[in-house]
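Comments concern the structure below.
Numbering (the UniProt record's numbering), first residue to last: 1 to 273.
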């Protein structure tokens, strides 16, 4: 990952190399940089130069140093949306529709680019993720399915090899991981939802591997359309359940009041005058 500085062994050269790794998504938020003694060897600079470079990166908000714990890539994705905006979005259900519209457009573009630009390494990553999805499905491992779902879409974004697209998608999926918009289990009101989602991811991968950009885009858009309809079905089902529960409670309350009134009436009738 890290390369020796070939020409001018300056702090700026080290900063540029690490910034490139962050920019291209190779170093991710939370990743720990190698210890100082190892990193000076990897980039072939002196300790004072490396320390100056890390100080510059920290001042720019790209890395954070933890006392006795090393240096880590900062949570640069989380800063795309401020906390007040994230909270505001989470409180208003109307934002879900906008979120899905945005994902449909941007994931379609990412899939189309990925079909044309993906490398052998990208293909291997995506193939492995889908294989892991298959295993999680067979094991009824819902948490792994949810994690792999995000991993797959992030990997498609990486395979598109567009820096702006990559970081926009990562910010988008961070909101999903945090449950700001919806929990994946809401899709399961439809009995075949898990199988459908797995098949849709596999279809996207098939088009990517075939270099079929138009097909990959259609498959990515159809996937979001399915998610949208499944969420709506879940909301309708939840609303019906809520209404039915209220009706049941009202019925029980009415019956209780009626029985109480009848008991009081009977008691009065049996009381000697």
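Glycine included, every Cβ here is placed at the ideal spot set by N, Cα and C.
Residue i, DSSP secondary structure in three states
i	result
residue 76	coil
residue 10	coil
residue 103	helix
residue 28	coil
residue 190	coil
residue 33	coil
residue 133	helix
residue 2	coil
residue 212	coil
residue 161	coil
residue 140	coil
residue 217	helix
With 16 other Cβ atoms within 10 Å as the buried cut-off, status of residue i
i	result
residue 164	exposed
residue 234	buried
residue 157	buried
residue 219	buried
residue 227	buried
residue 131	exposed
residue 278	One cannot answer for residue 278 here, as it falls past the ends of the chain, which runs 1 to 273.
residue 68	exposed
residue 252	exposed
residue 184	buried
residue 121	exposed
residue 139	exposed
residue 97	exposed
residue 59	exposed
residue 38	exposed
Same chain, Cβ closer than 6 Å to residue i, neighbours up to 5 away in sequence not counted
i	result
residue 151	129
residue 102	none
residue 40	47, 50
residue 187	193, 230
residue 104	221, 224
residue 259	none
One or two residues paired with residue i in a DSSP bridge
i	result
residue 70	66
residue 170	Answer is none; residue 170 lacks a bridge partner.
Alpha-carbon to alpha-carbon, residue j and residue i
i	j	result
residue 7	residue 21	19 Å
residue 88	residue 2	40 Å
residue 141	residue 133	9 Å
residue 11	residue 108	40 Å
residue 239	residue 264	Note on residue 239: pLDDT 41, under 50, position unreliable in the model; no value is reported.
residue 143	residue 9	46 Å
residue 99	residue 224	10 Å
residue 212	residue 126	16 Å
residue 106	residue 136	27 Å
Residues of its chain near residue i, where Cβ-Cβ distance is below 8 Å and the 5 sequence neighbours each way are ignored
i	result
residue 15	53, 56, 57
residue 63	18, 33, 54, 57, 71, 72, 73, 74
residue 216	111, 112, 114, 115, 204, 207, 208
residue 5	13, 14, 17, 43, 44, 45
residue 30	72, 73, 75
residue 91	none
Other residues of its chain near residue i: CB distance less than 7 Å, five sequence neighbours each side excluded
i	result
residue 154	169, 170, 173
residue 201	130, 133, 152
residue 162	113
residue 118	159, 208
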